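Residue numbers (our numbering): 128 to 542.
Read through the structure below, which is laid out as structure tokens, and then see the notes.
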Ligand SMILES: Cc1cc2nc3c(=O)[nH]c(=O)nc-3n(C[C@H](O)[C@H](O)[C@H](O)COP(=O)(O)O)c2cc1C
Ligand code: SF4
Ligand code: SF4
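Below is the structure:
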């Protein structure tokens, strides 16, 4: 039976599933309910100098049955006083000593960072997360993503924290950069014990066509916000793999971004994370989703004869290579199962107008057929087909050896 107990950069927790710093971790009341529900850890809603929030503050992109496929917010850090937060942190730590309680922070001066670290460590917290990610409101004041986007400042502020903190320090990175390795390596140089990623992505979710105002609206105006939820998972997985595959980057990674199910969490472990954090899915469905995360990942480990999530660490990331390293002689073509086909002909339209004109319709049948000699194996027809496993991509054995671009005769280097 798999053991989910986790030691992430020295932070111990009963399992690797943590709440991300966000509305679900706003109060001690919520975090205690989450721990009762089974969450292994929680990152407290970011503490900092006083702010005021606007109303309204969220908007979403809905798709089909998912009302929060992408969630956008223009909320800032905690709007409650430091004293109230510290009192509740103390209570949570006393009542739940075995769960990981990490304090997210965002301050301007070294003195403010140090003061908060001392006060939190006195309460027995398990670690700190430095919020270098907020893409709105705080960055205009030189904090949040303004720090995450500037490696020099990222390193300097991280070193202010690590020179004072005796507990592990996680740097939370912003995805609003071209190369995630730069701030990650800066955090490493600053003495961080781990990083977490991703925070939210700059976004405007849509426009109300009646009022012609962008969403969410505040007295007829709006502001760009931070995007998260299932829509951002592919971006998070890619950034995670970039760090996992960077030989100069050595720190553990807490994966964040669109995690909703145990399958999502497992994908983050396979890409190199050793703990994961969740926000939108909890805002959508509540703390109870942790039951699915725990049982699903546990069963998956058992099925694969693995003992711990660290056994999954980075297995898929290693298979993510530069395009130049892929085998140009490998070939697949589409195959339609006529028994499963419902004759909707979506595959025909997609290939005819949007791909390689490699699906034909015969006069006496509504079931399309693949023109195997021209099919390039792009996958499009299998992606649009509404019937599960109706179109499969089948490998064509060519007996040719692996051929990469560097050795290909069409490479201009050989001409
Ligand atoms: C309404 C809202 C408020 C957030 N506030 C914070 C915050 O105070 N500090 C922080 O580090 N991240 C904050 N986040 C970002 C989340 O912690 C998380 O990084 C992001 O939502 C991606 O995870 P998800 O896709 O599971 O939501 C906030 C997210 C939302 C939706
Ligand atoms: S999309 Fe799928 S179900 Fe529809 S015609 Fe093509 S193979 Fe058949
Ligand atoms: S795999 Fe691409 S090229 Fe081949 S039939 Fe399907 S859509 Fe057409």
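Where a beta carbon is used, it is the ideal one built from N, C-alpha and C, also for glycine.
What you are looking at is a predicted structure, and each value in this text was computed from that prediction instead of being measured.
- Between the region 142-154 and the region 304-312, the count of C-beta pairs closer than 8 Å stays below three; the two stretches do not touch.
- For residue 354, the CB contacts under 6 Å within the same chain, skipping 5 residues up- and downstream, are 197, 199, 327, 328 and 330 in chain order.
- Looking at the DSSP output, residue 145 bridges to 168 and 404.
- Take residue 527, set aside five residues on each side of it, and the residues of its chain with a beta-carbon closer than 6 Å to its own are 456, in chain order.
- Taken through DSSP and simplified to helix, strand or coil, residue 536 comes out as coil.
- Taking 9 Å as the cut-off, the Cβ atoms of residue 535 and residue 503 do not count as close.
- By the Cβ-count criterion, residue 404 is buried, with 16 or more other Cβ atoms from all chains shown falling within 10 Å of its own Cβ.
- Of the other Cβ atoms in all chains shown, fewer than 16 fall within 10 Å of the Cβ of residue 339; this residue is therefore exposed.
- Straight-line spacing of the CA atoms in residue 531 and residue 368 works out to 22 Å.
- Counting every other CB atom within 10 Å of its CB across the protein chains shown gives residue 524 a total below 16, marking it as exposed.
- In the three-state reduction of the DSSP assignment, residue 512 falls in the coil class, being assigned neither a helical nor a strand state.
- The beta carbon of residue 194 sits closer than 7 Å to those of 187, all from its chain and outside the five residues before and after it, given in chain order.
- Residues of the same chain with a CB within less than 7 Å of the CB of residue 303, apart from the 5 flanking positions on each side, are 262, 272, 276, 328 and 329 in chain order.
- One Cα belongs to residue 260, the other to residue 387, and the distance between them is close to 21 Å.
- By the C-beta criterion, the region 503-513 is judged to be in contact with the region 473-481, since at least 3 inter-stretch pairs fall below 8 Å.
- Within the region 337-366, no run of alpha helix (DSSP H) at least 4 residues long lies entirely inside it.
- The C-beta distance from residue 533 to residue 451 rounds to 6 Å, short enough to fall under 8 Å.
- For a cut-off of 8 Å, the C-beta gap from residue 371 to residue 441 is around 5 Å, short enough to register as a contact.
- If you check the CB distance, residue 227 and residue 155 do not come in under 9 Å.
- Going by DSSP, residue 463 is part of no alpha helix (DSSP H) but of the beta strand (DSSP E) stretching over 459-463.
- For the set 491, 251 and 238, the Cα lying nearest the Cα of residue 291 is the one of 238.
- For residue 299, the enclosing beta strand (DSSP E) begins and ends at 296-299.
- Non-local beta-carbon contacts of residue 540 in its own chain, meaning distances under 7 Å to residues more than five positions away in sequence, are absent.
- In the structure shown, residue 254 adopts extended strand secondary structure according to DSSP, grouped into three states.
- The count of Cβ pairs closer than 8 Å, one atom from the region 378-393 and one from the region 176-192, stays below three, leaving the stretches out of contact.
- Annotation: the continuous alpha helix (DSSP H) that includes residue 395 extends over 389-397.
- Taking the C-beta atoms as reference points, residue 250 is found nearer than 9 Å to residue 220.
- By alpha-carbon distance to residue 511, the top candidate from 133, 474, 248 and 421 is 474.
- In the three-state reduction of the DSSP assignment, residue 259 falls in the coil class.
- By the neighbour-count criterion, in which 16 or more other beta carbons inside 10 Å mark a residue as buried, residue 538 falls on the exposed side.
- One Cα belongs to residue 133, the other to residue 400, and the distance between them is close to 12 Å.
- Inclusion of residue 363 and residue 383 in the CB contact set at 9 Å is warranted, their separation being smaller than that value.
- DSSP places residue 381 in the uninterrupted beta strand (DSSP E) bounded by 380-383.
- Residues of the same chain with a CB within less than 6 Å of the CB of residue 240, apart from the 5 flanking positions on each side, are 234, 287 and 288 in chain order.
- In summary, residue 215 is buried, with 16 or more beta-carbon neighbours lying within 10 Å of its beta-carbon over all protein chains present.
- CA-CA distance, residue 190 to residue 471, rounds to 22 Å.
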